[in-house]
Structure formats: C-alpha cells, structure tokens
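**Q** Structure provided below as structure tokens; questions to follow.
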Amino acid sequence: PPATEIAPRIQPAALCGRRYPPTWHFLQGRCCLYLARSQLFIDSWIFLYFLLIWSALPLAGVSLALVSVAALASTAEIPDFLTEEECKLIVHLAQLKGLQKSQILPTDDYEEAMEMIEISQMDIFNLLDHNQDGQLQLKEVLTHTRLGNGRWMTPESIREMYTAVKADPDGNGVLSLEEFKQLNIRDFHKYMGSQKVKMSDLVRNSQHTWLYQGEGAHQVMRAIRQRVMRLTRLPPEIVEHSEPLQVVRYDQGGHYHAHMDSGPVFPETACSHTKLVANESAPFETSCRYVTVLFYLNNVTGGGETVFPIADNRTYEEMSLIQNDIDLRDTRKNCDKGNLRVKPQQGTAVFWYNYLSDGEGWVGELDDFALHGGCLVTQGTKWIANNWINVDPNRWRQLRFEQEMARYAGAEPGPPGDWTVDKAYSGVHVEL
Ligand SMILES: [Ca+2]
Ligand SMILES: [Ca+2]
Numbered sequence: 003p004p005a006t007e008i009a010p011r012i013q014p015a016a017l018c019g020r021r022y023p024p025t026w027h028f029l030q031g032r033c034c035l036y037l038a039r040s041q042l043f044i045d046s047w048i049f050l051y052f053l054l055i056w057s058a059l060p061l062a063g064v065s066l067a068l069v070s071v072a073a074l075a076s077t078a079e080i081p082d083f084l085t086e087e088e089c090k091l092i093v094h095l096a097q098l099k100g101l102q103k104s105q106i107l108p109t110d111d112y113e114e115a116m117e118m119i120e121i122s123q124m125d126i127f128n129l130l131d132h133n134q135d136g137q138l139q140l141k142e143v144l145t146h147t148r149l150g151n152g153r154w155m156t157p158e159s160i161r162e163m164y165t166a167v168k169a170d171p172d173g174n175g176v177l178s179l180e181e182f183k184q185l186n187i188r189d190f191h192k193y194m195g196s197q198k199v200k201m202s203d204l205v206r207n208s209q210h211t212w213l214y215q216g217e218g219a220h221q222v223m224r225a226i227r228q229r230v231m232r233l234t235r236l237p238p239e240i241v242e243h244s245e246p247l248q249v250v251r252y253d254q255g256g257h258y259h260a261h262m263d264s265g266p267v268f269p270e271t272a273c274s275h276t277k278l279v280a281n282e283s284a285p286f287e288t289s290c291r292y293v294t295v296l297f298y299l300n301n302v303t304g305g306g307e308t309v310f311p312i313a314d315n316r317t318y319e320e321m322s323l324i325q326n327d328i329d330l331r332d333t334r335k336n337c338d339k340g341n342l343r344v345k346p347q348q349g350t351a352v353f354w355y356n357y358l359s360d361g362e363g364w365v366g367e368l369d370d371f372a373l374h375g376g377c378l379v380t381q382g383t384k385w386i387a388n389n390w391i392n393v394d395p396n397r398w399r400q401l402r403f404e405q406e407m408a409r410y411a412g413a414e415p416g417p418p419g420d421w422t423v424d425k426a427y428s429g430v431h432v433e434l
C-alpha cells in the first residue's frame, strides 16, 4: 500500500500538546526535548490534519519524513498499512496455530504465595501512601493493580473488600495508619483468594498467539516485517531480532485495561530479549519495547477502540488517572473519557513510542503518556496484531545481543531465527 512506502516518521507520541504554542512547550521540561529536535512546527488550529517535519530519528539517525497526524490525536494512524488479504491471512495463520488465554484466572496458590513474601505491614503502608499523608486514599490502593492478583480493582471492589475484612471501621473511605495496623494482612489475602473471579474481572480478557516473522517465514509475514522496518526506519537488525508478531482476539465482552507495553528501566533492570546474552542476574525485567505498531485486522461491529487516556495531557501525574471514583484506565467503563480513541479499521496501523529519547540518539526513559488500552468490545469480535520493536536502553547489551544473534544465525543449520522465538520469547510476554 502506498502509505507504507514513504516511511513516515511520526512525532514521538506527538504528546506535547499541539494546542499550545511552542513557547509553552519550552517551559515544560518534558516537551522541550522534542522541540529541540524539530526543525519546523506547523500547528493547525483549523484543519483536521497537520504536517510535521522532524530532523532526526532518536535511534537510527535517519532524516526527515512527512506525515499527517490527526490534529487532536496523540499517536499516528496509518490507514491501509495492511491489505484486506493480509489481514485475513494473519487471522487464518493465528487460528491454525491456536490461541491461548492472555491472562488466566487467579489460582488458589495466591494466598500461599503471598504469605511467603516477607514485607512488613509498615513497608506496605509506606509503599501505598503515595502522597505521604499518613492515610491510604482509595486511589492510592487502586493504583497498585498487583494487589488485585490479576483481578482489576475498582472503587466498588475495594470498598467491598474493606467491608469484608473490616478495614475501615470509621467508614470514611480512607485507611489511617492506625486502621491499617489493626488490619490482618492474612484476612486480606484470604478474602482475595476466596473471590470468584470472571474473565471480565481481569486486567485483560483476550486470547493471543505468536507468529514467526524471521527468515523462512510466510512471505506475507516477511513483507510486513520489511514494511515495519521502513515505517520505523530503525536498523534492520533491530527489527529482525524483535519479538514475533502477536495476534490478539477479543471476543464480545473482551477488553484490556490501560497499561504500558513496557516497563521503566533502572540500572538494575534487564531486558527480556538481551538477558540471556547479557548473562547478568537482575532483580527486575521488562520487555524493552521501544516501539509499538498495532494493526487492526478486522472491522469491529461495536466498541474495541484503542484508548490513550492521557495522550494530550500537559503533565503526567500517576494519581490524576483516578479522580472522583472515575478510573481513566478502566476500559470497560471509562473509554469515553479518554483523550484519544482510535476506532478499529481493517488494515490500519497505529504507531507510537513507549520510551523517550535519551538525547544522545538512544532509548531513554519510559514515556508515561504512551499509556493505552483496548476498550470493551460491545459487539462482534476484534482481531489485532502487535509488532514490538525491542531495544535495550543499554547500548552495549543491545550490541552484544545483535552480535550473538548474527553469530548464531551463521553457525546453526536448520531454520534460522528459531532461537529468537523459542528461547527468548517463550511465554515471557504474557504478563507484560
Ligand atoms: Ca495517602
Ligand atoms: Ca478510615
């Protein structure tokens, strides 16, 4: 399709609030980074589309591209990136391979596992008390989704829990330090373990599979990888050694609450794709997905938009995601309140960066504005596919990984590239 041939460079998440003049951007620490790189900025207040010319790509050092982006959108849609036949073929290949549940219901082992964790009650309190006011507000508890053991927590479900374990005797909706001290954490774990959970109660309600795209793969799979290479303008070896294509099916009632495709990177964080060659033991691991390219494989009868709840916000504040009992991350309830919603259209690709630039031509910090989710499918089925481009924020680890991959591909007979699929990606991304 012609749209894919121009290798558009999309503004990094295009998030600096195009509605504000450049001077405003400059005042915001986060945005001036982008401005410094732009050679020309034409902000259209009237037209639905605007044009942007960018000087350089953070990673590849490739020069400008011209692209049209919806004026009030935070990310770029590329219509007809895939043909109808390609979409159908991907769905067909995924069905042949078979799909698995993206998230399974919590097991009974939860209670046991939680009791193994040795963390003092005071530490838990301090961890949760984001604003350090000595009280746990509802949203402070909600933000820690892991407390829910895979179950999506809502203001209602937290209140139910408080009632069940008598956590909030004065009934004011916040837990004081005194109330928290009285609380038996085991009661909380027991309560969580006893809850009957449905798929729709989970963070994610979908099925998925992975399709190999490396050398020797189906020609359409290869063609798509090449197209993504031209779209992102990233070095071929980076794209080639990235994750296989993930194909996701959401049935009616399916959703994926808002999340980040990759995690924050600290010095002690390892990337899933480079950890084997880096041969370091690291306490944290994340997928290091620098770029997400999402494809819509069908037209959805009802719902199923991709929502970016805070795409156009001026500043990011984790706690502002939840206000007055409205959790903007909740894609079953609050998609209509998100800043940007992209409607599924067969063949369209949506493209965004999950990390900022480090200012030196490499991957920098996580871009919180890339938060996104899959809205409730109200009617029909939704098929999408994800291409993630994995880059280690540690340049040297990425380089070593590429060297190892090249060495391996040269040395091993048989279908090249299998290592990437079978060893590096066996199941590790299910949680991410
Ligand atoms: Ca607090
Ligand atoms: Ca209270």
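So the number in our numbering is just where the residue sits in the sequence shown, counting from 1, plus 2. Where a beta carbon is used, it is the ideal one built from N, C-alpha and C, also for glycine.
Suppose you measure from the CA of residue 145 to the CA of residue 411; what does that come to, to the nearest Å?
**A** For this step, residue 145 is matched to residue 143 along the sequence shown. For this step, residue 411 is matched to residue 409 along the sequence shown. For residue 145 and residue 411, the distance between alpha carbons rounds to 43 angstroms.
**Q** Is any heavy atom of ligand 1 found at a distance shorter than 6 angstroms from the C-beta of residue 137?
**A** Counted from its first residue, the sequence shown places residue 137 at position 135. Yes, since a heavy atom of ligand 1 falls inside the 6 angstroms radius drawn around the Cβ of residue 137.
**Q** Does the contact criterion of 3 or more C-beta pairs under 8 angstroms hold for the region 272-285 versus the region 346-360?
**A** no
**Q** Using only the alpha-carbon positions, how far apart do residue 286 and residue 101 sit?
**A** What you label residue 286 is simply residue 284 of the sequence shown in a count that begins at 1. What you label residue 101 is simply residue 99 of the sequence shown in a count that begins at 1. Rounded to the nearest angstrom, the two C-alpha atoms are 28 angstroms apart.
**Q** So does residue 128 have its beta carbon nearer than 6 angstroms to some heavy atom of ligand 1?
**A** Taking the sequence shown and counting its residues from 1, one reaches residue 128 at position 126. No, the Cβ of residue 128 stays beyond 6 angstroms of every heavy atom of ligand 1.
**Q** Which whole runs of the beta strand (DSSP E) in the region 225-275 are 3 residues long or more, in chain order?
**A** 247-252, 257-261 and 271-273
**Q** Hey, would you say the C-beta of residue 379 is under 6 angstroms away from at least one heavy atom of ligand 2?
**A** To locate residue 379, count along the sequence shown from 1; it is residue 377. No.
**Q** Thinking C-alpha only, which one of 296, 306 and 320 is nearest residue 350?
**A** Within the sequence shown, the letter at position 348 stands for residue 350. The shortest Cα separation from residue 350 among 296, 306 and 320 belongs to 296.
**Q** Listed in chain order, which residues are found with a beta carbon closer than 6 angstroms to a heavy atom of ligand 2?
**A** 170, 172, 174, 176, 177, 178 and 181
**Q** Name the DSSP bridge partner or partners of residue 210?
**A** In the sequence shown, the residue the question calls residue 210 occupies position 208. Its beta-bridge partners are 102 and 250.
**Q** My understanding is that residue 391 touches residue 235, with C-beta atoms under 8 angstroms, so please give their C-beta distance in whole angstroms.
**A** Residue 391 sits at position 389 when you count from the first residue of the sequence shown. Residue 235 sits at position 233 when you count from the first residue of the sequence shown. So it is not a contact: roughly 11 angstroms between Cβ atoms.
**Q** How about the region 183-193 and the region 204-219: do they share at least three Cβ pairs that are nearer than 8 angstroms?
**A** no
**Q** With DSSP run on the structure shown, which of helix, strand or coil describes residue 165?
**A** Here residue 165 refers to the residue found at position 163 of the sequence shown. Helix, per DSSP.
**Q** Excluding sequence positions up to five away, which residues of its chain have a Cβ less than 7 angstroms from the Cβ of residue 344?
**A** Working through the sequence shown from its first residue, we reach residue 344 at position 342. Cβ within range, chain order: 79, 307, 308 and 352.
**Q** Who are the near neighbours of residue 2 in its chain, counting only those whose CB is closer than 6 angstroms to its CB and skipping five residues on each side?
**A** The question about residue 2 has no answer, for the chain in this structure spans 3 to 434.
**Q** In the DSSP output, what is residue 79 paired with across the bridge?
**A** By 1-based counting over the sequence shown, the position of residue 79 is 77. In DSSP, residue 79 forms a bridge with 352.
**Q** For ligand 1, is there any heavy atom lying closer than 6 angstroms to the beta carbon of residue 131?
**A** Start at 1 with the first residue of the sequence shown, and residue 131 comes out as number 129. Yes; taking the cut-off as 6 angstroms, the Cβ of residue 131 has a heavy atom of ligand 1 nearer than that.
**Q** Out of 363, 335 and 361, which has the shortest C-alpha to C-alpha gap to residue 376?
**A** Counting from 1 along the sequence shown, the entry for residue 376 is found at position 374. For residue 376, the nearest C-alpha among the options comes from 335.
**Q** I think residue 160 touches residue 140, with their Cβ atoms under 8 angstroms apart; what is that distance to the nearest whole Å?
**A** Along the sequence shown, read from residue 1 onward, the residue named residue 160 stands at position 158. Along the sequence shown, read from residue 1 onward, the residue named residue 140 stands at position 138. Confirmed, about 6 angstroms.
**Q** Less than 7 angstroms between the beta carbons of residue 256 and residue 301, yes or no?
**A** Numbered from 1 along the sequence shown, position 254 holds the residue referred to as residue 256. Numbered from 1 along the sequence shown, position 299 holds the residue referred to as residue 301. No, the Cβ-Cβ distance between residue 256 and residue 301 is not below 7 angstroms.
**Q** Have a look at the DSSP bridge pairing and note the partners of residue 137.
**A** Taking the first residue of the sequence shown as 1, we reach residue 137 at position 135. Paired residue(s): 178.
**Q** For residue 142, verify whether its CB is less than 6 angstroms away from any heavy atom of ligand 1.
**A** The count along the sequence shown starts at 1 and reaches residue 142 at position 140. Checking the Cβ of residue 142 against ligand 1 gives yes.
**Q** Would DSSP call residue 199 helix, strand or coil?
**A** Looking up residue 199 in the sequence shown gives position 197. Of the three classes helix, strand and coil, the one that applies to residue 199 here is coil, per DSSP.
**Q** Can you name, in chain order, every residue of its own chain whose Cβ lies under 6 angstroms from the Cβ of residue 91, other than the five neighbours on each side?
**A** Along the sequence shown, read from residue 1 onward, the residue named residue 91 stands at position 89. Once the five neighbours on either side are set aside, the close Cβ partners of residue 91 are 222.
**Q** Report, in whole angstroms, the separation of the C-beta atoms of residue 151 and residue 108, which I expect to be a contact under 8 angstroms.
**A** In the sequence shown, the residue the question calls residue 151 occupies position 149. In the sequence shown, the residue the question calls residue 108 occupies position 106. With 8 angstroms as the limit, residue 151 and residue 108 qualify as a contact, their Cβ atoms being about 5 angstroms apart.
**Q** Note the first and the last residue of the continuous beta strand (DSSP E) segment covering residue 392.
**A** One-based indexing of the sequence shown puts residue 392 at position 390. 384-392 is the span of the beta strand (DSSP E), which, as asked, contains residue 392.
**Q** State buried or exposed for residue 24, treating a residue as buried only when at least 16 other CB atoms are found within 10 Å of its CB.
**A** By 1-based counting over the sequence shown, the position of residue 24 is 22. Summary for residue 24: the model assigns pLDDT 32, below 50, so the residue's position carries little reliability, and this model does not support an answer.
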